[in-house]
Amino acid sequence: MTLIDRRSVLKYGSALGASLVLKPAFAADGDVESHGLSIFGDLALPSDFKHFAYVNPDAPKGGKLVMTVLGYSGNESFETFDTLNSYVLKGAGAAGMSAIYDSLMAGTADEPNAAYGLVAQKVKVSKDKLTYRFFLRPEARFHDGSKLTAKDVAFSLNILKEKGHPNYHFNLIDMAEAVAETDDVVRVQFVPKRSRDAHMYVVAMPIFPAAYWATRDFEASTLEPPLGSGAYKVGNFEQGRFIEFDRVDDYWAKDLPVNVGANNFSHIRFEYFRDRQIAFEGFKAGRVTYWGESTSKQWHTGFDFPAFNDGKVKKETLPNNLPASCQTWNFNTRRDKFKDSRVREAIGLCFDFEWTNKNIMYSSFTRTTSYFPNSPNAASGKPSPAELALLEPWRGKAPDEVFGEPYLPPVSDGSGSDRALLQKANQLLLQAGCKRDGDMLKLPDGSPLEIEFLDSTSLFEPIQAPFIANLRKLGIRATSRAVDAAQHKRRTDSYDFDIVVTNLGRGFYPGADLRSIFTSHAADTPGSLNLSGISDPAIDAIVERIATTNSKDDLQTSCRVLDRLLRAGRYSVFCWYRADVWLAYWDAYARPATQPKFGTGAPDTWWWDDAKAKQIGMSE
Numbered sequence: 069m070t071l072i073d074r075r076s077v078l079k080y081g082s083a084l085g086a087s088l089v090l091k092p093a094f095a096a097d098g099d100v101e102s103h104g105l106s107i108f109g110d111l112a113l114p115s116d117f118k119h120f121a122y123v124n125p126d127a128p129k130g131g132k133l134v135m136t137v138l139g140y141s142g143n144e145s146f147e148t149f150d151t152l153n154s155y156v157l158k159g160a161g162a163a164g165m166s167a168i169y170d171s172l173m174a175g176t177a178d179e180p181n182a183a184y185g186l187v188a189q190k191v192k193v194s195k196d197k198l199t200y201r202f203f204l205r206p207e208a209r210f211h212d213g214s215k216l217t218a219k220d221v222a223f224s225l226n227i228l229k230e231k232g233h234p235n236y237h238f239n240l241i242d243m244a245e246a247v248a249e250t251d252d253v254v255r256v257q258f259v260p261k262r263s264r265d266a267h268m269y270v271v272a273m274p275i276f277p278a279a280y281w282a283t284r285d286f287e288a289s290t291l292e293p294p295l296g297s298g299a300y301k302v303g304n305f306e307q308g309r310f311i312e313f314d315r316v317d318d319y320w321a322k323d324l325p326v327n328v329g330a331n332n333f334s335h336i337r338f339e340y341f342r343d344r345q346i347a348f349e350g351f352k353a354g355r356v357t358y359w360g361e362s363t364s365k366q367w368h369t370g371f372d373f374p375a376f377n378d379g380k381v382k383k384e385t386l387p388n389n390l391p392a393s394c395q396t397w398n399f400n401t402r403r404d405k406f407k408d409s410r411v412r413e414a415i416g417l418c419f420d421f422e423w424t425n426k427n428i429m430y431s432s433f434t435r436t437t438s439y440f441p442n443s444p445n446a447a448s449g450k451p452s453p454a455e456l457a458l459l460e461p462w463r464g465k466a467p468d469e470v471f472g473e474p475y476l477p478p479v480s481d482g483s484g485s486d487r488a489l490l491q492k493a494n495q496l497l498l499q500a501g502c503k504r505d506g507d508m509l510k511l512p513d514g515s516p517l518e519i520e521f522l523d524s525t526s527l528f529e530p531i532q533a534p535f536i537a538n539l540r541k542l543g544i545r546a547t548s549r550a551v552d553a554a555q556h557k558r559r560t561d562s563y564d565f566d567i568v569v570t571n572l573g574r575g576f577y578p579g580a581d582l583r584s585i586f587t588s589h590a591a592d593t594p595g596s597l598n599l600s601g602i603s604d605p606a607i608d609a610i611v612e613r614i615a616t617t618n619s620k621d622d623l624q625t626s627c628r629v630l631d632r633l634l635r636a637g638r639y640s641v642f643c644w645y646r647a648d649v650w651l652a653y654w655d656a657y658a659r660p661a662t663q664p665k666f667g668t669g670a671p672d673t674w675w676w677d678d679a680k681a682k683q684i685g686m687s688e
């Protein structure tokens with residue numbers, strides 16, 4: 069989770085689990101008028117709602133939150149930053165920059181794919197759903213006091229589509245144009261056959277001041293704190309080491325329902341560390357006050373230090389009720405050595421999850437077996453009649469496997485080196501035309517099969533070591549290489565790698581976001597999330613169907629078909645997941661009694677508790 073990012077909430081599909089469902093009203097001109105938007109047009113909150121149910125509307129303001137980078141988007145990095153422009157391809161962006169910008173609407177973790185008015189007080193939608201007119205609040209202001217107008221909104225949407233980071237560009241493909249009709253009305257026009265959720269990306273985009281950027285290069289790296297209008301502004305920072313955000317006391321939207329009970333900390337600080345263990349030492353010492361853990365060894369053995377033993381530091385496991393993210397090792401199929409799916413499958417068979425989970429990860433994880441883990445969108449069993457109807461046009465073009473049981477990574481004997489699986493891997497390599505030359509495996513062209521696992525941290529090395537040992541038993545020269553964050557970004561943006569790990573979020577209702585992960589267009593776009601280089605007309609067609617269908621049943625069917633196609637392609641080696649969240653914190657915080665339906669609420673809805681902080685000797 070990134071810092072109080074309204075836009076991050078919108079990427080998850082809505083479960084639409086609220087008991088009250090409201091339909092927007094029809095305006096006199098026939099347009100649909102509403103105080104909010106969702107994928108399917110349903111909203112759980114009325115226009116006069118006071119605040120979200122999972123916040124404390126009386127939460128005090130003050131204190132500080134200090135954390136490491138727990139997630140990122142755009143050009144951001146876990147390890148460092150060299151620019152305060154995180155919305156373009158160039159540079160390594162600082163974490164948390166979304167907090168300085170407002171958006172047209174703000175998301176809610178009770179309806180993860182619904183949004184309610186922030187800068188826009190209402191919206192009118194044409195009957196064909198191709199024209200959206202957003203009516204802006206007259207009180208909206210940037211931090212310098214200048215008025216936020218429709219010109220700024222139109223500028224922001226258009227420049228993000230034209231010059232923004234590929235991930236933002238892909239999410240705005242279906243927007244034809246954004247036009248300021250008056251100072252307080254912006255019209256957004258969508259292309260015919262637009263994606264189902266195109267409007268949800270539009271309302272989540274940051275709003276930049278057009279006048280500010282008129283004299284600056286939007287695509288350039290910069291350490292000049294940009295002008296924004298959000299609840300926070302950039303405070304102190306030191307390039308690559310830390311960045312602070314200071315709460316704007318006279319923030320124009322602080323009393324709007326979408327903001328009540330939120331933005332509670334006076335200061336939020338991100339600390340950067342080159343090494344995860346050094347970062348944890350910083351947490352133990354109180355330099356970092358909030359910690360999200362993903363490493364099982366650390367979680368099970370690392371919390372034996374004075375502050376934890378004295379009760380000053382707490383740790384707990386929280387459910388988030390969301391589909392799990394999909395973590396995978398991704399083959400770069402742009403490289404000839406990975407062109408044959410049998411080679412890719414053979415490599416995957418060398419990873420012994422059962423041994424790794426038991427001996428390295430304290431049996432804490434579940435094996436990922438689908439591109440939609442822990443979700444009803446995952447394929448299972450033989451295709452349903454509805455799935456077969458979508459697959460039939462691709463018979464003879466897609467692998468025959470997609471018409472049967474979906475691929476599952478095999479369960480090993482837990483020895484760490486399952487002979488039966490290694491023998492099967494060897495057979496696949498030989499079938500692909502590989503040949504042995506002593507203890508070396510050579511590709512059909514006579515070159516040795518050499519692969520490098522690329523990462524920006526050494527965190528994966530203990531897990532990859534037994535994986536690599538098994539690969540070497542087959543004559544594959546495998547190595548693991550950790551490079552600095554800047555080099556990692558350059559190499560992944562330009563697809564200069566063999567195998568790289570990603571961990572991408574999924575939602576209940578995937579949509580246009582899949583275009584940047586799985587389509588041929590993304591495969592040819594530097595900086596996209598299609599790291600595997602997947603380029604398949606069947607996958608392109610199904611992704612487009614997922615993006616454009618307005619039927620929940622058809623969406624689920626299409627996702628399951630996509631899952632079958634991707635699994636049959638062996639584009640990745642599945643890793644593992646947990647259905648909950650590990651977190652730890654210095655006991656200086658309080659939180660609402662109610663947790664969001666979809667998410668932990670941590671730390672976005674928390675606040676500084678001065679009495680508790682004084683008890684543990686921590687000052688504001």
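The sequence shown maps to residues 69 to 688 in this note's numbering. A virtual CB, placed ideally from N, CA and C, is assigned to each residue, including glycine.
Exercise. Which residue from ILE602, SER480, ASP566, ILE415 puts its Cα closest to that of LEU582?
Worked result: ILE602
Problem set entry | Minimum C-alpha distance to GLN395 - residue among LEU204, PHE642, ARG403, MET243 | PHE642
Problem set entry | Span of the alpha helix (DSSP H) around GLN257 | Premise fails: GLN257 lies in the beta strand (DSSP E), 253 to 258, not in any alpha helix (DSSP H).
Problem set entry | Strand pairing of LEU509, partner residues [DSSP] | ARG504
For this session: Spell out a yes or no on whether the segment 161 to 174 and the segment 288 to 299 are touching, meaning 3 or more CB-CB pairs, one atom from each, closer than 8 angstroms.
Result: yes
Problem set entry | 8 angstroms Cβ cutoff met for VAL156 and PHE286 | yes
For this session: With DSSP as the reference, label THR625 as helix, strand or coil.
Result: THR625 carries a helical assignment under DSSP once its states are collapsed to helix, strand and coil.
Exercise. Are there three or more Cβ pairs, one per stretch, closer than 8 angstroms when the segment 122 to 137 is compared with the segment 324 to 342?
Worked result: Judged by Cβ distances under 8 angstroms, the segment 122 to 137 makes contact with the segment 324 to 342, as three or more pairs qualify.
Problem set entry | Pairwise C-alpha distance: GLY379 and GLN345 | 22 angstroms
Exercise. In the structure shown, what three-state DSSP assignment does SER224 receive?
Worked result: helix
Exercise. Of all the beta strand (DSSP E) runs that stay within the bounds of the segment 120 to 148, which reach a length of 3 or more residues?
Worked result: If we require 3 residues or more, the beta strand (DSSP E) runs fully inside the segment 120 to 148 come out as 132 to 135.
Problem set entry | Three or more C-beta pairs below 8 angstroms linking the segment 423 to 441 and the segment 669 to 682 | Because the criterion of three Cβ pairs below 8 angstroms is not met, the segment 423 to 441 and the segment 669 to 682 do not touch.
Exercise. For VAL479, which residues does DSSP report across the bridge?
Worked result: According to DSSP, which records beta bridges pairwise, VAL479 is partnered with nothing at all.
Problem set entry | alpha helix (DSSP H) runs contained entirely in the segment 381 to 436, provided each spans 4 or more residues | 409 to 417, 421 to 427
For this session: Can you grab the Cα-Cα spacing for the pair PRO92 / VAL328, in whole Å?
Result: Because the pLDDT of PRO92 is 45, which lies under 50, any placement of that residue in the model is unreliable, and the number read from its coordinates should be weighed accordingly. Across the structure, PRO92 and VAL328 are spaced so that their CA atoms are roughly 23 angstroms apart.
Problem set entry | Cβ pair ASP561, PRO594 closer than 8 angstroms | yes
For this session: Would you check if the distance between the CB atom of TYR475 and the CB atom of ARG635 is smaller than 8 angstroms?
Result: yes
For this session: Sort out for me which residues DSSP pairs ASP648 with in a bridge.
Result: PRO387
For this session: Please state whether DSSP places GLN663 in a helix, a strand or coil.
Result: Three-state DSSP puts GLN663 in coil, outside helix and strand.
Exercise. Which ranges would you report for the alpha helix (DSSP H) in the segment 271 to 348 if only whole runs of at least 4 residues count?
Worked result: 278 to 281
Exercise. What's the call for ASP408, buried or exposed, on a 16-neighbour Cβ count within 10 Å?
Worked result: Residue burial is scored here from C-beta neighbours: ASP408 has at least 16 other C-beta atoms within 10 angstroms and is therefore classed as buried.
Exercise. Which residues does DSSP pair with LEU522 in a beta bridge?
Worked result: ARG549, VAL568
For this session: Inspect the beta-carbon positions of PHE120 and ASP196 and report whether they are closer than 8 angstroms.
Result: It is not a contact, given that the beta carbons lie outside the stated cut-off.
Problem set entry | For ASN181, three-class secondary structure by DSSP | The answer is strand: DSSP assigns ASN181 an E or B state.
Problem set entry | At least three beta-carbon pairs within less than 8 angstroms, the segment 678 to 687 to the segment 146 to 155 | Segments in contact, no.
Exercise. If we count Cβ pairs, one from each stretch, closer than 8 angstroms, do we get three or more for the segment 445 to 454 versus the segment 507 to 516?
Worked result: no
Problem set entry | For GLY175, three-class secondary structure by DSSP | strand
Problem set entry | Where TRP359 falls: helix, strand or coil (DSSP) | strand
Problem set entry | Outcome for HIS103 when other beta-carbon atoms lying within 10 angstroms are tallied against a minimum of 16 | HIS103 should be labelled buried.
Problem set entry | Inter-residue spacing [alpha-carbon to alpha-carbon] between ASN377 and SER362 | Distance between the alpha carbons of ASN377 and SER362: 21 angstroms.
For this session: Count the other C-beta atoms from every protein chain shown that fall within 10 angstroms of the C-beta of GLY514, then say buried if there are 16 or more, exposed otherwise.
Result: exposed
For this session: Check TRP674 in the structure and name its three-state DSSP category.
Result: coil
Problem set entry | Cβ distance (whole Å) where LEU742 is taken to contact ALA466 below 8 angstroms | Residue 742 lies beyond the residue range present for the chain, which begins at 69 and ends at 688; the question has no answer from this structure.
Exercise. Going by the CB atoms, is the gap between VAL316 and TYR184 shorter than 8 angstroms?
Worked result: no
Exercise. Of the choices PHE586, ASN181, GLN532, SER224, whose alpha-carbon is the least far from that of TYR169?
Worked result: SER224
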